[in-house]
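A.B. asks: Each protein sequence line maps, in turn, to chains A and B. When you read off a place in the first sequence, starting at 1, and then add 377, the result is the number in the numbering used here. When you read off a place in the second sequence, starting at 1, and then add 60, the result is the number in the numbering used here. Positions of the beta carbon are idealized from the N, C-alpha and C atoms, including for glycine. Predicted model only: the values in this text are computed from it and were never measured. Structure below; questions to follow.
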Amino acid sequence: SQQGEEDPQALSIQEGENATMNCSYKTSINNLQWYRQNSGRGLVHLILIRSNEREKHSGRLRVTLDTSKKSSSLLITASRAADTASYFCATDTGAGSYQLTFGKGTKLSVIP
Amino acid sequence: NAGVTQTPKFQVLKTGQSMTLQCAQDMNHNSMYWYRQDPGMGLRLIYYSASEGTTDKGEVPNGYNVSRLNKREFSLRLESAAPSQTSVYFCASTSLGNTGELFFGEGSRLTVL
């Protein structure tokens, strides 16, 4: 069953604008990760936030985690056309062997 | 480094045929995984191998078998393909020494007619 659910399913913005994607999950987690997938390609890891962290930055990416609400958000600032991709959250519940459960993804389109 | 390599990239099968998807990683990772990705469904775990010599079922294992041939290679076999197995299959790997981030292959697109 899906652990994470991203919102919105699709997002279209102009280049230079910020893009925010949300992820909600159901059970306690060890960490939450965000991945990016360009069309027809494999997933690429973007950022990991542990359950005891509230915010993390990496370049133009900012991730927040609210364990009380079981939710996370990914903010991409100053978006570029090259950011056009699908973004997935994945949760590690600590069941062992790093079994990640993925959400259904947010499809981001950045219009030049 | 090649990272995670999957073969074939594309395959068309008829119902009832069998085939094996191959995956190899050159990062000395302990754990390897097979996911399938269907439109609107995200990625679902089929099987995984926590370490060489072990394999375990994931969320959707029915109709599949796996073999962890050695530390580098993890194959996925469809014994009797069904149209419901039409999907894009992704192999991934990670190391227990990592923070749990997965490294993915480029995917194998399978169509079962």
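If you follow the beta strand (DSSP E) that L136(B) is part of, which residue opens it and which one closes it?
C.D. replies: L136(B) -> beta strand (DSSP E) spans F134 to L138.
A.B. asks: Please list, in chain order, all residues of the same chain as Q391(A) whose beta carbon is under 7 Å from its beta carbon, the five residues on each side excluded.
C.D. replies: Excluding residues within five positions, the ones whose Cβ falls inside 7 Å are I488.
A.B. asks: Using a Cβ cut-off of 8 Å (strictly closer), state whether L452(A) contacts chain B.
C.D. replies: Judged by the 8 Å Cβ criterion, L452(A) is not in contact with chain B.
A.B. asks: In whole angstroms, what is the alpha-carbon distance linking E432(A) and I424(A)?
C.D. replies: If you take the alpha carbons of E432(A) and I424(A), they lie about 11 Å apart.
A.B. asks: Tell me which same chain residues have a C-beta within less than 7 Å of the C-beta of A142(B), skipping the five on either side of it?
C.D. replies: The residues are T75, G123 and V172.
A.B. asks: Using the Cβ count rule (16 or more neighbours within 10 Å means buried), how would you classify T404(A)?
C.D. replies: Under this definition T404(A) is an exposed residue.
A.B. asks: Identify the continuous beta strand (DSSP E) that holds F108(B) and give its terminal residues.
C.D. replies: Reading off the sequence shown, one finds Tyr at residue 108(B), where the question assumed Phe. It spans G102 to S109 - the beta strand (DSSP E) in which Y108(B) sits, taken as one unbroken run.
A.B. asks: Between Y107(B) and chain A, is the shortest Cβ-Cβ distance under 8 Å, so that the two count as touching?
C.D. replies: Answer no: the Cβ-Cβ gap between Y107(B) and chain A never drops below 8 Å.
A.B. asks: Just the chain A side, please: which residues come within less than 7 Å of F70(B) by C-beta, in chain order?
C.D. replies: Per Cβ cutoff of 7 Å: no residues; F70(B) is ~11 Å from chain A at best.
A.B. asks: Are the beta-carbon atoms belonging to R128(B) and E112(B) less than 8 Å from one another?
C.D. replies: Yes, Cβ-Cβ distance for R128(B) and E112(B) is below 8 Å.
A.B. asks: When you compare the CB positions of V64(B) and S153(B), do they come within less than 8 Å of one another, or not?
C.D. replies: Yes, these two residues count as a Cβ contact at 8 Å.
A.B. asks: Is it right to say A455(A) is buried, meaning 16 or more other beta carbons lie within 10 angstroms of its own, or is it exposed?
C.D. replies: When all chains shown are included, A455(A) counts as exposed.
A.B. asks: Taking beta-carbon pairs under 7 Å, can you tell me which members of the stretch 126-156 of chain B lie near chain A?
C.D. replies: Flagged, chain order: F150 and T154.
A.B. asks: Following the continuous beta strand (DSSP E) through D98(B), name the residue where it begins and the one where it ends.
C.D. replies: From DSSP, the beta strand (DSSP E) with D98(B) extends over S91 to D98.
A.B. asks: Anything in the stretch 397-416 of chain A with a Cβ closer than 7 Å to a Cβ of chain B? List those residues in chain order, please.
C.D. replies: Answer set for the stretch 397-416 of chain A: N408 and Q410.
A.B. asks: Taking the alpha carbon of F465(A) as the reference point, which residue from T159(B), L103(B) and V120(B) has its own alpha carbon closest?
C.D. replies: With distances taken between Cα atoms, F465(A) lies closest to L103(B).
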